[in-house]
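Residue numbers (full-length UniProt numbering): 1 to 520. Beta carbons are placed, not taken as given, at the ideal position from N, Cα and C, and that holds for glycine. What follows is one structure encoded as structure tokens, with my remarks underneath.
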């Protein structure tokens, strides 16, 4: 039976909708934790950025492009008659090239008359007089390659395989700066809209400063301690919107090229750098690891200028950024409170238990192994999951969190001779088989069969300090909202899916990310 055409037709319609400029797209509703996602078509994205500062000669029709073999034009016109000499001697002549745009002429070989002459792309009219008029196709091609994290080399390779002319690297860089300027203004407009929505969510639409809770995390272009690029992002906890970001860079491509051509210690380089330093991409001179700290300091220092005060921050447990913010007192006497990511906190238990097993092994004491009640990897993973569930299922109540955490520990070390279920929830619906049996008035079953994650009671003295540390009131109070850094990690993965070591390109990428994540 042949495949139904309805599905493919629907797919084609959806594709057309995605790329058509005048299609209404529904935005997703606000999320309490995760960054918002919404669909935007490329046409809208291009128009928002490119046309924010420029106008077209004719805006009645949106530019649409196809890739055509130039030989097709010869076949198209070879049988057409010239209006003047009435001979079928018309042909298409390609004239001067302007990057991807070219002069296109229809001429008669017999009488040499030019029947028609056009350019293959429209020119954009700049608002400022006296500037070059870029062609739409060139600007769009530049933006397209930048949007997925590629530069001139990738464009050059594309044109090589397609046997196409391309613009010069100098022209590409001019367009890149032009786009960066336009996209920066577009992102400022987006951020203004986002911040207004955040203020509405907190029921504060005035121009004053709003105290909000945010998640913060740093991310690097490459792993290890040698990354040249890092980014710090602030996301509002209540709405999930991206509030602000900061790119930290130890690398500037123009500086590297100039050092090779002019010699870093030469007078020529010093003169060149004096004119370049205001636009230099380098804004960090410390270690790669300290980028997160400096990004946080810059973000918190300018937060009041955009109408917010980040008085509560969810970050890594060992976050040096929070320590630095506390020490520098960016808000004066106003305290910044720290909250914990539940995912990171729960991982600490697994890490601590594994370290405990290794430490006692070095002393000649075996806690792991395959015997019943040993702290093998499977047991540690389950205890970690139980710990996380104990926090998540008791959101808003630190005392109940603590009771539930200890219940998972003492339930695991219980035996028929010494049942220790005093922390387990009572009642017939209890997850604890012992408490459920007592509530039902029947004899509890065998612990060896019914305790799914057994831990030898002899190990209790060695692992109890770990549980006491990770079930402290101070720590659990910081987990009271049961929040995670999933939104930051999602944002990071989207940004770095387009790997590019140039900060200006990262700004372009981030603007495109904002187009699809974080807009109301």
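For residue 489 and residue 198, the rounded distance between their alpha carbons:
Against the chain shown, residue 198 aligns to sequence position 198. Against the chain shown, residue 489 aligns to sequence position 489. Straight through space, the alpha carbons of residue 489 and residue 198 are spaced by roughly 21 Å.
Comparing C-alpha positions only, which one of 415, 416, 410 and 418 sits nearest to residue 424?
Here residue 424 corresponds to residue number 424 of the chain shown, with the count starting at 1. With distances taken between Cα atoms, residue 424 lies closest to 410.
Under three-state DSSP, which class holds residue 258?
Taking the first residue of the chain shown as 1, we reach residue 258 at position 258. In the three-state DSSP reduction, residue 258 falls in the helix class (H, G or I).
Do residue 91 and residue 74 have their C-beta atoms closer together than 8 Å?
Taking the first residue of the chain shown as position 1, residue 91 is located at position 91. Taking the first residue of the chain shown as position 1, residue 74 is located at position 74. The answer is yes: Cβ separation under 8 Å.
Pull up the CB-CB distance for residue 483 and residue 341, whole angstroms please, since I reckon it's below 8 Å.
As a position in the chain shown, residue 483 is number 483, starting the count at 1. As a position in the chain shown, residue 341 is number 341, starting the count at 1. The beta-carbon distance between residue 483 and residue 341, rounded to whole angstroms, is 7 Å. This is short enough to meet the 8 Å contact definition.
Using a 10 Å radius around the Cβ and a threshold of 16 neighbouring Cβ atoms, would you call residue 465 buried or exposed?
Numbered from its first residue, the chain shown carries residue 465 at position 465. Residue 465 counts as exposed, since fewer than 16 other beta carbons sit within 10 angstroms of its beta carbon.
Based on the DSSP output, what are the partners of residue 220 in its beta bridges?
Along the chain shown, read from residue 1 onward, the residue named residue 220 stands at position 220. Bridge pairing for residue 220: 230 [DSSP].
Quick check: the Cα distance between residue 349 and residue 467, rounded to an integer number of angstroms?
The count along the chain shown starts at 1 and reaches residue 349 at position 349. The count along the chain shown starts at 1 and reaches residue 467 at position 467. One C-alpha to the other measures close to 8 Å.
With distance defined between alpha-carbon atoms, name the residue in 413, 282, 255 and 190 nearest to residue 269.
One-based indexing of the chain shown puts residue 269 at position 269. Out of 413, 282, 255 and 190, 255 has the C-alpha closest to the C-alpha of residue 269.
Between the CA atoms of residue 103 and residue 97 - distance to the nearest angstrom:
In the chain shown, counting from the first residue as 1, residue 97 sits at position 97. In the chain shown, counting from the first residue as 1, residue 103 sits at position 103. Their backbone Cα atoms lie some 7 Å apart in a straight line.
Determine the contact status of residue 376 and residue 368, defining contact as a CB-CB distance below 8 Å.
The residue given as residue 376 occupies position 376 in the chain shown. The residue given as residue 368 occupies position 368 in the chain shown. In this structure, residue 376 sits near residue 368, with a CB-CB distance shorter than 8 Å.
Going by DSSP in three states, residue 339 sits in which element: helix, strand or coil?
As a first step, residue 339 is located in the chain shown; it is residue number 339 there, counting from the start. Residue 339 falls in the strand class under three-state DSSP.
Spatial distance of residue 302 from residue 437 (CA atoms)
The residue given as residue 302 occupies position 302 in the chain shown. The residue given as residue 437 occupies position 437 in the chain shown. Whole-angstrom Cα-Cα distance: 59 Å.
Hey, out of 266, 239 and 231, whose CA is closest to residue 293's CA?
Start at 1 with the first residue of the chain shown, and residue 293 comes out as number 293. Of the listed residues, the one whose Cα sits closest to residue 293 is 231.
In angstroms, rounded to a whole number, what distance separates the CA positions of residue 394 and residue 285?
Numbered from its first residue, the chain shown carries residue 394 at position 394. Numbered from its first residue, the chain shown carries residue 285 at position 285. Near 45 Å, if we compare the C-alpha coordinates of residue 285 and residue 394.
Assigned exposure category for residue 271 - 16 Cβ within 10 Å defines buried
Start at 1 with the first residue of the chain shown, and residue 271 comes out as number 271. Counting every other CB atom within 10 Å of its CB across the protein chains shown gives residue 271 a total below 16, marking it as exposed.
Using a 10 Å radius around the Cβ and a threshold of 16 neighbouring Cβ atoms, would you call residue 287 buried or exposed?
By 1-based counting over the chain shown, the position of residue 287 is 287. By the neighbour-count rule (16 or more Cβ atoms within 10 Å), residue 287 is not buried but exposed.
Inter-residue spacing [alpha-carbon to alpha-carbon] between residue 248 and residue 221:
Your numbering for residue 248 matches position 248 in the chain shown. Your numbering for residue 221 matches position 221 in the chain shown. Whole-angstrom Cα-Cα distance: 11 Å.
Can you find a C-beta in chain C that's less than 8 Å from the C-beta of residue 483?
No chain C appears in this structure, which consists of one protein chain only.
Excluding the 5 residues flanking residue 407 on each side, which residues of the same chain have their C-beta closer than 6 Å to its C-beta?
Translated into positions along the chain shown, residue 407 becomes position 407. Cβ within range, chain order: 423 and 424.
Mind checking which residues open and close the beta strand (DSSP E) that includes residue 311?
If you number the chain shown from 1, residue 311 lands on position 311. First-last of the beta strand (DSSP E) with residue 311: 308 to 315.
Span of the alpha helix (DSSP H), counted from its first residue to its last, around residue 75:
Counted from its first residue, the chain shown places residue 75 at position 75. Its alpha helix (DSSP H) spans residues 71 to 77.
For a test of the three-state rule: what should DSSP assign to residue 250, helix, strand or coil?
Residue numbering aside, residue 250 sits at position 250 when the chain shown is read from its first letter. Here DSSP, grouped into helix, strand and coil, assigns residue 250 to coil.
How many whole angstroms separate the CB atoms of residue 485 and residue 217, which I take to be in contact at a CB cut-off of 8 Å?
Here the question's residue 485 lines up with position 485 in the chain shown. Here the question's residue 217 lines up with position 217 in the chain shown. Residue 485 to residue 217, Cβ: 5 Å. Contact.
Range covered by the alpha helix (DSSP H) that runs through residue 136
Sequence index remark: in the chain shown, residue 136 carries index 136 (1-based). Where residue 136 is concerned, the enclosing alpha helix (DSSP H) starts and stops at 136 to 147.
At 4 residues or longer, and completely inside the region 409 to 483: list those alpha helix (DSSP H) runs for me, N to C.
Runs of the alpha helix (DSSP H) inside the region 409 to 483: 433 to 440, 447 to 450, 460 to 470 and 473 to 477.
Considering just the uninterrupted stretch of the alpha helix (DSSP H) at residue 494, what are its terminal residues?
Numbered from 1 along the chain shown, position 494 holds the residue referred to as residue 494. It spans 486 to 496 - the alpha helix (DSSP H) in which residue 494 sits, taken as one unbroken run.
Own chain, CB closer than 6 Å to residue 246, minus 5 neighbours either side, in chain order:
If you number the chain shown from 1, residue 246 lands on position 246. For residue 246, where only same-chain residues beyond five positions count, the Cβ hits under 6 Å are 232, 295, 298 and 299.
Considering only DSSP beta bridges, list what residue 212 is partnered with.
What you label residue 212 is simply residue 212 of the chain shown in a count that begins at 1. Looking at the DSSP assignment, residue 212 forms a beta bridge with 310.
How long is the line joining the alpha carbons of residue 337 and residue 193, rounded to whole angstroms?
Counting from one through the chain shown, the residue named residue 337 turns up at place 337. Counting from one through the chain shown, the residue named residue 193 turns up at place 193. Going by the C-alpha atoms only, they are around 27 Å apart.
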